[in-house]
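Residue numbers (our numbering), protein chains in the order written: chain A, 1 to 234; chain B, 1001 to 1590.
Presented below is the structure to which this report refers.
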Amino acid sequence: MLVSLYRYNPEQDNAPYMQDIELDIPAGKDLMVLDVLALLKEKDPTLAYRRSCREGVCGSDGMNMNGKNGLGCITPISEVVKKDKLVIRPLPGLPVIRDLVVDMGIFYEQYERITPYLVNDTPAPEIERLQSPEDREKLDGLYECILCACCSTACPSFWWNPEKFVGPAGLLQAYRFLADSRDTAQEERLSDLDDPFSVFRCRGIMNCVAVCPKGLNPTKAIGHIRDLLLQRAT
Amino acid sequence: MGKIRTISYDAIVVGGGGAGMRAALQLTETGVDTACITKVFPTRSHTVSAQGGITCAIASADPNDDWRWHMYDTVKGSDYIGDQEAIEYMCSVGPQAVFELEHMGLPFSRTEQGRIYQRPFGGQSKDYGKGGQAARTCAAADRTGHALLHTLYQANLKGGTTFLNEWYAIDLVKNSDQQVVGVIAIEIETGEVVYIKSKATVLATGGAGRIYASTTNALINTGDGIGMALRAGYPVQDMEMWQFHPTGIYGAGTLVTEGCRGEGGYLINSEGERFMERYAPNAKDLAGRDVVARSMVIEVLEGRGCGPEKDHVLLKLDHLGEETLNLRLPGIVELSRTFAHVDPIKDPVPVVPTCHYMMGGIPTTVGGQALTQDKEGNDQVIDGLFACGEAACVSVHGANRLGGNSLLDLVVFGRAAGLHIEERLRGGYESGDASEDDINRALARLERLESSTGTESVAAVRKDLQSCMQLYFGVFRDGDSMGEGLKKLDAIGERARNVQIGDNSKAFNTARIEALELDNLFEVAYATAYSAMERRESRGAHARNDYTERDDENWLKHSVYFPLEKRLGKRDVNFAPKTVDTLQPMIRTY
Ligand SMILES: Cc1cc2nc3c(=O)[nH]c(=O)nc-3n(C[C@H](O)[C@H](O)[C@H](O)COP(=O)(O)OP(=O)(O)OC[C@H]3O[C@@H](n4cnc5c(N)ncnc54)[C@H](O)[C@@H]3O)c2cc1C
Ligand code: SF4
Ligand code: SF4
Ligand code: FES
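Following this line, the structure appears as structure tokens:
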């Protein structure tokens, strides 16, 4: 199999380049892309990428494989390799620190911007706050986000306005708290998002939904926030 | 290396997992100037992988539930070398710690009454083992660790904790008064090496499952805190006690939670027999993990394993029905499809016992204060050093941890460490400065590595270390083969000192980090092997073919491994809970 790898080491390279490597894949095994990277790193320890859980729950290894964003650790090569070729690049749109490692700063800032914690200004009870199974169900499809940035870095609106448009990941979390029956800051949350950019830059292109490795649907969440904002305006 | 930059805090927490972030939150909220140092962005820590839940007597599933029953189960589960004072503290303070998490926003699953959903887990009973199976594990579907870790990160953002993300702690700095006064760390993105000075240093660096070839642990679980403590000359406790989880996915090592069996799944052999009924007639598939793991290995050894190699057993879940599986175990359905290529809604999942959890670690008090021993064998405080979470051995798990008790350990003792440190600092605790020599001593390892002329590859040595541990120090152990394993480890250690990084650039040099991690893997592996060899009995997770019985006369003790003298000492187990009667050792059956 031919692996074409994005390489860049700021101390040595003037510009990024693609490195082509022929790799023998052990027969009878459907490796994950992350396993392929580990094999390559055994041969060339200078290759840099992030990884931790190797099971799709920590969100470390978002990358672009044959043109599509996803997690290296749960993407079998049988699923992405085309014509015996695998092109691996860093997530698009973020500054590259080295090889596949991108600077996630702006992505995290947008997350922090949406007040990513429960706000409840009533005194806490002795035990837990009660929540019905139905209310709890409203958080399904929202709280599972692993902050891998696959979605936001596939979103054209985020590429163009990463400072002003919160992006799909941040908005999914914004809605996670708006939808929580225990949260009492709906009004403030909506005020914070009520401008032409934060939410309304979403063009409904659904790239985010197509790539989310956890099967989450940011577009739908954005739609709900939009409705809440519009209701509020009338 | 020349003079390096110093940055100072009143307290530093090395580790941004559940334990580290709970400690950091406690400190920040009480106004202590604190930094949380973590080699990965906090939500990428291994706690994120925890599935089944957090065990605690919050009396939701059973309004009569009692923390004393939880304590009984935990002491029994530990095979009686868990410290009863610490277990009492964990089980009694637990509900408060869990409610705090809920108030922070943790999205627990719910009961019809709106309370937190609890599921049955292994080793749980009502009424001191007399009232049948309890359901005591609080869950957010099968993503409890993810929900807990993200919630704690969010709470720390709210509280304003300082995070040094993607900073790697290399070694402890000790001054001439034998106080720990911070760490040497490297900022991974830039490669800058810094002395981070602090009056209190908390090691919350998690487990080290990567010493074994087959493990449920994340790639980053390399036991760095244990390595740091051992290199500084401090002892570690009960390192022979490693939990092998019954249900790691065959081939991949990824875990499927005990919650699968809690929800009604069970194990079968090649004859389709539910074999746990033979080994544990009462608790069956929900016996202690050590018991289930050993039973599985015996099934395989006796020829009743499944698959072409007859080397695993099967976890049957399909009878639970699609709806329950999707509601209660959605992550498991996903993992089984990805890593076992099996759809658990239709077919059973192939599983093997897989290295999962380190019961041992840095000995501490309930308040997280790290301990060593003086010449007479009395506990002695290590000034400035604290530990919590999987890296610590407080010890609530003894020789075998019960499922769901680790997450509780993280939040209860992370919080307790924070409380204790805040109190000490408020009481005026000061430590002296570190001299240039002290700092250089802590830098020695990094310098050796940078100037290494060795030829060994990190990946090759690591692989050999992992196979050695797997082969000689697994579920069943034997004196002769462990002796052989120790010899092999000596040779591997020699090679580990001769590695070549193969990359001397500064920016995001992961080769350098992996080389530093390899040293820690070796330290942990060696301490494990040595302690396993010396504990001449079978207890909990430590099962020997040459000493098959539990030996309370000689070994109702913690083992304590001293790295400088390469010696295994003993330490008394605490049998003095404060508010309840001592639980006397009994024969452990399920
Ligand atoms: C797959 C799986 C499922 C589990 N499920 C459950 C469950 O359902 N219930 C339960 O109770 N327990 C469960 N456990 C056990 C439990 O998850 C762990 O014991 C626990 O999460 C450990 O938490 P911790 O905070 O001690 O360490 P971790 O979460 O591992 O965090 C360690 C932290 O230390 C940092 N660190 C390490 N070394 C360095 C260094 N050198 N420099 C800087 N930072 C460093 C890391 O970046 C990380 O932030 C499970 C374990 C596994 C493997
Ligand atoms: S739907 Fe909106 S958020 Fe998602 S990719 Fe398109 S523009 Fe971006
Ligand atoms: S929404 Fe999905 S793709 Fe986006 S950050 Fe979360 S998990 Fe990743
Ligand atoms: S390594 Fe954790 S998501 Fe891939």
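Where is the CB? At the ideal position from N, CA and C, for every residue including glycine.
Proximal chain B residues relative to residue i, where beta-carbon distance stays under 8 Å
i       : result
P123(A) : None at all; the shortest Cβ gap to chain B is about 10 Å.
N9(A)   : S1505 and A1507
I21(A)  : Under the 8 Å cutoff, chain B gives no residues; its nearest Cβ is about 16 Å from I21(A).
Proximity to residue i [Cα-Cα], best of the options
i        : options                                   : result
R1289(B) : N1064(B), E1258(B) and E1376(B)           : E1258(B)
V1236(B) : V1013(B), M1276(B) and E1565(B)           : E1565(B)
A174(A)  : M65(A), G56(A), L47(A) and K220(A)        : K220(A)
A124(A)  : L71(A), S198(A) and D183(A)               : D183(A)
A1287(B) : P1563(B), V1499(B) and G1540(B)           : G1540(B)
M32(A)   : Y8(A), K83(A), K43(A) and G70(A)          : G70(A)
K1578(B) : D1285(B), S1395(B) and I1087(B)           : I1087(B)
F1522(B) : D1551(B), R1495(B) and T1006(B)           : R1495(B)
M1241(B) : H1397(B), V1291(B) and R1044(B)           : H1397(B)
C1056(B) : H1070(B), H1542(B) and M1586(B)           : H1070(B)
K1199(B) : G1233(B), E1100(B), A1035(B) and E1187(B) : A1035(B)
K41(A)   : P16(A), L5(A) and D13(A)                  : L5(A)
G1303(B) : N1269(B), L1320(B) and E1334(B)           : N1269(B)
Residue i CB to nearest heavy atom of ligand 3 below 7 Å
i        : result
V211(A)  : yes
K1126(B) : no
I205(A)  : no
C58(A)   : no
I146(A)  : yes
DSSP three-state assignment for residue i, whether helix, strand or coil
i        : result
E1322(B) : helix
T1034(B) : strand
C1306(B) : strand
I1370(B) : Looking at the sequence shown, residue 1370(B) is not Ile but Ala. It is a strand residue.
E42(A)   : helix
D1171(B) : strand
T1528(B) : helix
L31(A)   : coil
Q1179(B) : coil
R1068(B) : helix
A1543(B) : strand
Contact test: residue i Cβ vs ligand 4 heavy atom, cutoff 7 Å
i        : result
C151(A)  : no
R54(A)   : yes
G1337(B) : Position check: residue 1337(B) holds Arg in this sequence, whereas Gly was assumed. Checking the Cβ of R1337(B) against ligand 4 gives no.
C1388(B) : no
Chain-ordered chain A contacts of residue i [CB-CB under 7 Å]
i        : result
A1135(B) : Ordered by position in chain A, no residue passes the 7 Å Cβ test against A1135(B), which lies about 16 Å from the chain.
Q1470(B) : Those within 7 Å of Q1470(B) in chain A number zero; the least Cβ separation is about 17 Å.
R1143(B) : E144
L1335(B) : E55
Residue i Cβ short of 7 Å to ligand 1 heavy atom set
i        : result
P1042(B) : yes
V1032(B) : no
N69(A)   : no
Q1243(B) : no
I1332(B) : no
Y994(B)  : Outside the modelled stretch of chain B, which goes from 1001 to 1590, sits residue 994(B), for which no answer is possible.
Residues that residue i contacts on chain B, provided the C-beta gap is smaller than 7 Å
i       : result
Y143(A) : P1107 and A1147
L147(A) : T1043
Contact list for residue i against chain B, beta-carbon separation under 9 Å
i      : result
G59(A) : F1041, T1043, R1044 and V1048
Q12(A) : S1505
Closer than 8 Å to chain E by CB, residue i
i      : result
E55(A) : In the structure shown, chain E cannot be found, because the protein chains are A and B.
Amino acids of chain A, ordered along the chain, whose beta-carbon sits closer than 8 Å to that of residue i
i        : result
Q1154(B) : P116, Y117 and L118
Partners in chain A for residue i, counting only beta-carbon separations shorter than 9 Å
i        : result
I1501(B) : P45
Contact test: residue i Cβ vs ligand 2 heavy atom, cutoff 7 Å
i       : result
A154(A) : yes
P168(A) : yes
- Interface residues of the stretch 1229–1242 of chain B facing chain A [CB-CB below 9 Å]: For the stretch 1229–1242 of chain B, which is checked against every Cβ of chain A, not one residue is closer than 9 Å.
- Members of the stretch 1340–1364 of chain B that neighbour chain A once the beta carbon cut-off is set at 9 Å: H1341
- Task: With 8 Å as the C-beta to C-beta threshold (strictly closer), list the residues of the stretch 1022–1046 of chain B near chain A in chain order.
- Result: Going along the stretch 1022–1046 of chain B in chain order, one finds V1040, F1041, T1043, R1044, S1045 and H1046 with a Cβ nearer than 8 Å to chain A.
- Task: Could you name the residues of the stretch 1202–1221 of chain B whose beta carbon sits closer than 7 Å to any beta carbon of chain A, in the order they occur along the chain?
- Result: A1218, L1219 and I1220
- Give, in chain order, every residue of the stretch 1097–1131 of chain B whose Cβ lies closer than 7 Å to some Cβ of chain A. F1099, E1102, H1103, M1104, G1105, P1107, S1109, R1110, E1112, G1114, R1115 and I1116
- Mind checking the stretch 108–133 of chain A against chain B and listing, in chain order, the residues whose C-beta falls within less than 7 Å of any C-beta there? E112, P116, Y117, L118, A124, I127, E128, R129, L130, Q131, S132 and P133
- What are the residues of the stretch 1189–1201 of chain B that lie near chain A, defined by any Cβ-Cβ distance shorter than 7 Å? E1189
- Task: Please name the residues in the stretch 1158–1173 of chain B whose beta-carbon is closer than 7 Å to at least one beta-carbon of chain A, in chain order.
- Result: K1158
- Between the stretch 1442–1462 of chain B and chain A, which residues of the former have CB atoms less than 9 Å from a CB of the latter, in chain order? S1457, V1458, A1459 and A1460
- Query: Using a Cβ cut-off of 7 Å, which residues of the stretch 1508–1525 of chain B contact any Cβ in chain A, in chain order?
  - Reply: F1508, T1510 and A1511
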